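To start, the structure itself, in structure tokens.
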Amino acid sequence: MLMFTFVTKNSSSRHASRLLTCGGPCTVSIMSVFMDLNLIQNQTEDRSGLKSLIETAAHLGFSTVAVNYVFEPTTKKKQNIPSPTPINELIDQLPIVQGRSRPIRVLNRLTIVMSDSSHYRPTAAEYRRFDLLAVYPTTEKLFHAACMTYDVDIICISVTEKLPFFFKRAPVNGAIERGVAFEVSYSAAIRDATMRRYTIANAIALVDTCKGKNVIVSSAAEKRLELRGPHDAANLSLLFGLSDADAKEAVSSTCRSVVLHAERRKSAGGIIHTTKTSPEETPPTPDDRDAPAAKRAKPLETE
Amino acid sequence: MVRIKSRHLLCEINVTDRNCLLLLDDRAVLAAVKDTVLRMHGDYGAARCSIGFSVKYLNAHTGIVFLRFPKNCYKLLWSALPFITSIESRGHKISCFFNCLHVGGTIRTCQKFLIRYNTQQLHRMLPKCKNEEEKQEIRQAILNCSLLRGKKEAFEEASESEEDEEE
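Okay, structure coming up:
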């Protein structure tokens, strides 16, 4: 269980990281920064749309976002898996996150919409170009396989249609044990009233089965007006049946463990893991200099 | 005697075009929130927000709004806020979204938070300036609000003056 050993770099930054306990295999997890792991890359629109999305996410206080490329294979003809556009081509300068003094981190994510088991190829070289890998199973058999065997990070839950199958305890527990997270996205619920019913019903069915563990809440926003702030998203997920602590983790520390899981998947099961360290990337005390606004001025730390 | 407790939500209204914000008034915001609560939670929610819910403060220049909710059901009513997509005001439909910045027990803590938040916004704005005049203006604004902090003056005025500079 290498991915559950969270190490904080500077334990002196008390305001930035609050301790909170959660049940399960990870006894103590760090309340980390907010993440939104699903921003839809709109193919028809030019890149200014994505740019304004990322800027809005930084303004709202998300420290990490993932640009989602949806790949829907059909049986008729062979399609190419989209290749991610490097983020420095999209935006020349990444915006600074609200309340922190560092630029926003942008990841690339691939979502495979699966209706047949041949759609997921475990050893495809195209998958290696993405930071995160997600599947969207549409049948019960594929859901079972995705939970138990597929080497992915996120399993998406349908939010736009009636639940195509019932969630069973066995595959869901298997996925939790392997560290695979389930994703509920809320922007369909904002757009339309019937979608809202499907989203809430499916999310409650999932949360009942997994008891609130390993659930992440993401936006799936295409326009900047569909994004919501991290506190709003956490409070919104109370409607999905999550408890207070689980709702907060759904936008922060579960997302962090998903990102760590993705790194472990890419680096030979986490046995060997190298990190690139360069002096300009790790400033000495990055969090303390520009802490989030509080109602009272915090005294400066003297060390 | 136990007093009635409430929660104050400090929200920021985000729009694409900042000029639309000037069309807002507190009655429009109140109507939008009540309408959304009715849509999301039905008659129960509407009844819950009929007593003890009010819009305490609205700044149309910056889009800052203080909402007051009863303490025992503020989470229920807050969960309806993300579903607001537009506000109907003076015949115009302003598409926007609410971003909750702070939840406080009193207005005073919200004001304190807002002052710090707006100061931070000024600091963030400084590197983005294009010409020297804007830069000088923002420097002056930061200086003004850092001088004010030492005195225990009415917070209302302090926050107002900062926000005007930000515009």
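Heads up: the sequence lines are chains S and G, in that order. Going by this note's numbering, 144 is the number at position 149 of the first sequence; the sequence numbering is gapless. Going by this note's numbering, 119 is the number at position 137 of the second sequence; the sequence numbering is gapless. Where is the CB? At the ideal position from N, CA and C, for every residue including glycine. Remember, predicted model here, so these are calculated numbers, not experimental data.
Looking only at S:Ala53, S:Met190, S:Ile107 and S:Ile171, the smallest Cα-Cα distance to Val253 of chain S is reached by S:Ile171. Taking 7 Å as the upper bound on Cβ-Cβ separation, chain G lies near residues Arg223, Gly224, His226, Asp227, Asn230, Leu231, Leu233 and Leu234 of the stretch 221 to 238 of chain S. Per DSSP, reduced to three states, the secondary structure at Arg50 of chain G is strand. CA-CA distance, Thr18 of chain G to Ser262 of chain S, rounds to 47 Å. S:Met109 is the residue among S:Met109, S:Val154, S:Thr155 and S:Arg124 whose C-alpha sits nearest the C-alpha of Phe138 of chain S. Residues of chain G with a Cβ closer than 7 Å to the Cβ of Leu55 of chain S are, in chain order, Asn81.
For the C-beta of Ile91 of chain S, the chain G residues within less than 8 Å are, from N- to C-terminus, Arg106. If you draw a straight line from the Cα of Asp7 of chain G to the Cα of Glu(-6) of chain G, it comes to about 14 Å.
The DSSP assignment places 225 to 231 as complete runs of the alpha helix (DSSP H) inside the stretch 197 to 243 of chain S, in order along the chain (cut-off: 4 residues).
Under the 10 Å beta carbon count, Asp227 of chain S is surrounded by 16 or more other beta carbons and is classified as buried. Every beta strand (DSSP E) of 3 residues or more that sits fully in the stretch 53 to 84 of chain G is shown, in chain order, as 68 to 71. Ile185 of chain S belongs to the set of residues whose beta carbon lies under 8 Å from a beta carbon in chain G. A distance below 7 Å between beta-carbons, with the five flanking residues on each side excluded, links His23 of chain G to the following residues of its chain, in chain order: Leu58 and Ala62. By the rule that beta-carbons nearer than 8 Å mark a contact, Lys57 of chain G touches chain S. A contact between stretches requires three or more CB pairs, one per stretch, nearer than 8 Å, and the stretch 43 to 55 of chain S fails this requirement with the stretch 192 to 207 of chain S.
Within the stretch 42 to 69 of chain G, the residues whose Cβ lies closer than 8 Å to some Cβ of chain S are Lys57, Trp60, Ser61, Leu63, Pro64, Phe65 and Thr67, listed in chain order.
Going by beta carbons, Asp148 of chain S and Ala245 of chain S fall outside the 8 Å limit. Residue burial annotation: Ile66 of chain G is buried, with at least 16 other C-beta atoms found within 10 angstroms of its C-beta.
Per DSSP, reduced to three states, the secondary structure at Pro68 of chain S is coil, with no helix or strand assignment.
Distance from the CA atom of Thr204 of chain S to the CA atom of Val65 of chain S, rounded to whole angstroms, is 27 Å. Looking from the CA of Arg124 of chain S, the closest CA among S:Ala229, S:Ile185 and S:Thr80 belongs to S:Thr80. Less than 8 Å separates the beta-carbon of Phe95 of chain G from that of His84 of chain G.
The C-beta separation of Leu5 of chain G from Arg72 of chain G comes to about 6 Å, placing the pair in contact by the 8 Å criterion. A Cβ of chain S is located within less than 8 Å of the beta carbon of Tyr99 of chain G. With a cutoff of 8 Å on beta-carbon distance, Gln102 of chain G and Ala288 of chain S are scored as near each other. For Gly224 of chain S, same chain residues with a beta-carbon under 7 Å away, outside a window of 5 residues either side, are Leu55 and Gly56 in chain order. Straight through space, the alpha carbons of Asp239 of chain S and Ser248 of chain S are spaced by roughly 14 Å. Annotation: the continuous alpha helix (DSSP H) that includes Asn100 of chain G extends over Ile89 to Met107.
Taking a Cβ-Cβ threshold of 7 Å, the residues of chain S close to Ser77 of chain G are Leu220, in chain order.
Looking at the backbone, the Cα of Arg9 of chain G and that of Ser36 of chain G are separated by about 10 Å. The beta carbon of Gln118 of chain G sits no closer than 8 Å to any beta carbon of chain S.
Taking 8 Å as the threshold, the shortest C-beta distance from Thr(-2) of chain G to chain S falls below it.
Within chain S, not a single residue places a beta-carbon under 8 Å from that of Gln122 of chain G; the smallest gap is close to 21 Å. Setting aside the 5 residues that flank it on each side, Ala200 of chain S is surrounded in the same chain by Leu158, Phe161 and Phe162, each with a C-beta closer than 8 Å to its C-beta; the list follows chain order. Partner residues in the beta bridge of Val37 of chain G, as assigned by DSSP, are G:Leu49. Non-local C-beta neighbours of Lys53 of chain G in its own chain, meaning closer than 6 Å and more than five positions away in sequence, comprise Lys(-13), Ser(-12) and Arg(-11), ordered along the chain.
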